[in-house]
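Asks:
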Amino acid sequence: MQQYFGQILIFIVTLIGASGWFLSKNTIAEMPSVGFMGLRFLLAAFIFLPFAYRSLYRLTKTQILNASAVGITLALNLFLWVQGITYSDDLGEGAFLVSLSMLIAPLISWLIFKHRPLPVFWLSMPIALVGLYLLAIGRYGELRFSSGSILFLLSSLSAALYFVLNHQYAKNIPSVALIVIQFSMVGILCGGYSLTFEVWQTNISSQTWLWFVASVLIASNLRYFVQTLGQKHCNITTAAIIMVLEPVWTLILSVWIMNEPMTILKLLGCLLILCALLSYRLNIVRK
C-alpha cells in the first residue's frame, strides 16, 4: 500500500472536491451565498496563518502585491462559482462546465503572455466544444443555457484567468503564504460585497452552521493539505489523470443525491469533455 499512498491521497482529494459542491449548496440554503464564501475563506486563511507567519514576514512588497492581485481574480472566480450553485441544481453538469477552465487557460495565456498552446490543444478543444454543445441541447432539444450554466461558464473563464496569472506572478511565493494571502482577499472582497448588498437571516440553524464548518475544514483546509501531501508522493502524470475524476464524482453524487436529470445527449457531452481533458492533460504532463 505504501507505493500507492500518493495515488490514494489524490483520489481522496477528488472526492473531497466533489463533496465541496454539496456542502456549499446546503450551506447557502440559509446563508447568503457570497457572504458564505467570504466567511469560509477568511476562516480558512486564519487556520493556515500560524503555519505561514514566517513566510509572510519574509515576502517583499512586490510578492505581496502579486499574490493579492491574483487573489482578486480568485475572488471573482469563487463569486461566479457560488452564484452558479445558487441558481442551478445541476451540479454535475456545472462541474464539467467549470472543468473547461483547463482548456481555456492556454488561450488566455496566449492572448496575454504570447505563450502558444501545445499542438494537442487544437485537438482537445474541438472535442470539448462538441461536448459543450451536447450539454446545451441535452435538456431542451435546442441550443440553450440556463442562468446557472452561464454562471458556471463564466466561472470557468475566470478560473482559467486565475490559473494563468497565478502561474505567471505567484510561482516564486511560498505556497502556504500564497494561499493565506489569496484566501484573505477572497474573504475581504466577498465579505465586503455581502455586507453591502446581501441580507443575512437573524436565525441561522445549527445544521447550516455545521454545513459551513464542514465546508471550511473539509472542502478548504483538508483538501489543500491532502492535495499537497499527495502530490509529494505521487507521479505528476498519475496525479493529473486522477484529478480529472472530480467532475465525474460530482455528476454521480448530483444524480444520486439531487436527482439531477441525465439524458443521453447530456451524458455524451460530459464524456466528450472528459476525453478532451484527459487527452490534453496527459500530453501536457509528458512535456
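Following my numbering, the residues of the sequence shown are numbered contiguously, the last one being 330.
Note that the Cβ used here is the ideal one computed from N, Cα and C, for glycine as well.
Just so it is clear, the structure is predicted and the values come from calculations on it, not from any experiment.
Roughly how many angstroms separate the alpha carbons of ASP132 and ALA138, rounded to a whole number?
Replies: Against the sequence shown, residue 132 aligns to sequence position 89. Against the sequence shown, residue 138 aligns to sequence position 95. The alpha-carbon atoms of ASP132 and ALA138 are separated by roughly 11 angstroms.
Asks: Could you name the residues of the same chain whose beta carbon sits closer than 8 angstroms to that of LEU196, not counting the 5 residues immediately before and after it, in chain order?
Replies: Position 153 of the sequence shown holds residue 196. The residues are LEU140, LEU143 and PHE188.
Asks: Check whether the Cβ atoms of VAL113 and TYR236 lie closer than 7 angstroms to each other.
Replies: As a first step, residue 113 is located in the sequence shown; it is residue number 70 there, counting from the start. As a first step, residue 236 is located in the sequence shown; it is residue number 193 there, counting from the start. Not in contact: VAL113 and TYR236 (Cβ atoms no closer than 7 angstroms).
Asks: In angstroms with no decimal places, state the Cα-to-Cα distance between PHE240 and ILE59.
Replies: For the purposes of this step, residue 240 is taken as the residue at position 197 of the sequence shown. For the purposes of this step, residue 59 is taken as the residue at position 16 of the sequence shown. One C-alpha to the other measures close to 31 angstroms.
Asks: Alpha carbon to alpha carbon, how far is CYS233 from PRO93?
Replies: The sequence position of residue 233 within the sequence shown is 190, counting from 1. The sequence position of residue 93 within the sequence shown is 50, counting from 1. One C-alpha to the other measures close to 23 angstroms.
Asks: Grouping DSSP H, G and I as helix and E and B as strand, with all else coil, what is CYS233?
Replies: Counting from 1 along the sequence shown, the entry for residue 233 is found at position 190. Helix, per DSSP.
Asks: For the stretch 94–109 against the stretch 148–168, do three or more pairs of beta-carbon atoms, one drawn from each stretch, fall closer than 8 angstroms, so that the two count as touching?
Replies: They do not touch, by the three-pair rule.
Asks: Hey, could you find the ends of the alpha helix (DSSP H) SER70 is sitting in?
Replies: Numbered from 1 along the sequence shown, position 27 holds the residue referred to as residue 70. The sequence given here has Thr at residue 70, not Ser. Element bounds for THR70: 48–70.
Asks: Would you tell me roughly how many angstroms separate the C-alpha atoms of LEU102 and ILE216, rounded to the nearest one?
Replies: Residue mapping note: residue 102 aligns to position 59 of the sequence shown, counting from 1. Residue mapping note: residue 216 aligns to position 173 of the sequence shown, counting from 1. The alpha-carbon atoms of LEU102 and ILE216 are separated by roughly 8 angstroms.
Asks: Measure how close the beta-carbons of ALA87 and GLN225 come, nearest whole angstrom, since I'm counting them as under 8 angstroms.
Replies: Position 44 of the sequence shown holds residue 87. Position 182 of the sequence shown holds residue 225. The Cβ separation is near 10 angstroms, so there is no contact.
Asks: From THR271 to ALA220, what does the alpha carbon distance come to, in whole angstroms?
Replies: Within the sequence shown, numbered from 1, the residue matching residue 271 stands at position 228. Within the sequence shown, numbered from 1, the residue matching residue 220 stands at position 177. Computed Cα separation, rounded: 14 angstroms.
Asks: In chain order, which alpha helix (DSSP H) runs of at least 4 residues are fully inside the stretch 147–215?
Replies: The qualifying runs are 164–180 and 190–212.
Asks: Do you know offhand how far THR70's Cα is from ARG159's?
Replies: Position 27 of the sequence shown, counted from the start, is the residue given in the question as residue 70. Position 116 of the sequence shown, counted from the start, is the residue given in the question as residue 159. Their Cα atoms are separated by approximately 41 angstroms.
Asks: So, for LEU172: in the same chain, excluding its five sequence neighbours on each side, which residues have a beta-carbon less than 6 angstroms away from its beta-carbon?
Replies: In the sequence shown, residue 172 corresponds to position 129, counting from 1. Within the same chain, LEU172 has no close Cβ partners at all.
Asks: Between MET145 and PHE206, what straight-line distance do the alpha-carbon atoms span, to the nearest angstrom?
Replies: Taking the first residue of the sequence shown as 1, we reach residue 145 at position 102. Taking the first residue of the sequence shown as 1, we reach residue 206 at position 163. Taking the straight line from one Cα to the other gives about 9 angstroms.
Asks: Cα-Cα, which of ALA262, TYR267 and TRP299 is closest to ALA61?
Replies: Your numbering for residue 61 matches position 18 in the sequence shown. The candidate whose alpha carbon is nearest that of ALA61 is ALA262.
Asks: CB-CB under 8 angstroms to LEU265, same chain, minus the five flanking residues each way: which ones, in chain order?
Replies: Position 222 of the sequence shown, counted from the first residue, corresponds to residue 265. So the list reads ILE59, once near-sequence residues are dropped.
Asks: Answer yes or no: do VAL291 and LEU321 have a C-beta to C-beta separation smaller than 7 angstroms?
Replies: Here residue 291 corresponds to residue number 248 of the sequence shown, with the count starting at 1. Here residue 321 corresponds to residue number 278 of the sequence shown, with the count starting at 1. Contact flag unset, no.
Asks: Going by beta carbon distance, what residues of the same chain come within less than 7 angstroms of THR3, once the five residues before and after it are set aside?
Replies: Lying outside 44 to 330, the shown extent of the chain, residue 3 is not represented and no answer is given.
Asks: Quick one: what does DSSP say GLN270 is sitting in, helix, strand or coil?
Replies: Position 227 of the sequence shown, counted from the start, is the residue given in the question as residue 270. In the structure shown, GLN270 sits in a helix (DSSP, three-state: H, G or I).
Asks: Taking 7 angstroms as the limit between beta carbons, can you name the residues of its chain near LEU194, skipping five residues before and five after?
Replies: Taking the sequence shown and counting its residues from 1, the one referred to as residue 194 is at position 151. Answer for LEU194: LEU123, GLN126, GLY127 and TYR130, listed in chain order.
Asks: Return helix, strand or coil for TRP254, following the three-state DSSP convention.
Replies: The count along the sequence shown starts at 1 and reaches residue 254 at position 211. The answer is helix: DSSP assigns TRP254 an H, G or I state.
Asks: Do you know whose CA, among THR116, PRO169, SER249 and GLN106, lies nearest GLY312's CA?
Replies: By one-based count along the sequence shown, residue 312 stands at place 269. That would be PRO169, whose Cα lies nearest to the Cα of GLY312.
Asks: In chain order, what residues of the same chain have a beta carbon less than 6 angstroms from the beta carbon of LYS68, not counting five sequence neighbours either side?
Replies: By 1-based counting over the sequence shown, the position of residue 68 is 25. Cβ neighbours of LYS68 beyond the five flanking positions: ILE128.
Asks: Output the distance between the C-alpha atoms of PRO218 and VAL269, rounded to the nearest integer angstrom.
Replies: Here residue 218 refers to the residue found at position 175 of the sequence shown. Here residue 269 refers to the residue found at position 226 of the sequence shown. According to the sequence shown, residue 218 is Ser rather than Pro. The alpha-carbon atoms of SER218 and VAL269 are separated by roughly 14 angstroms.
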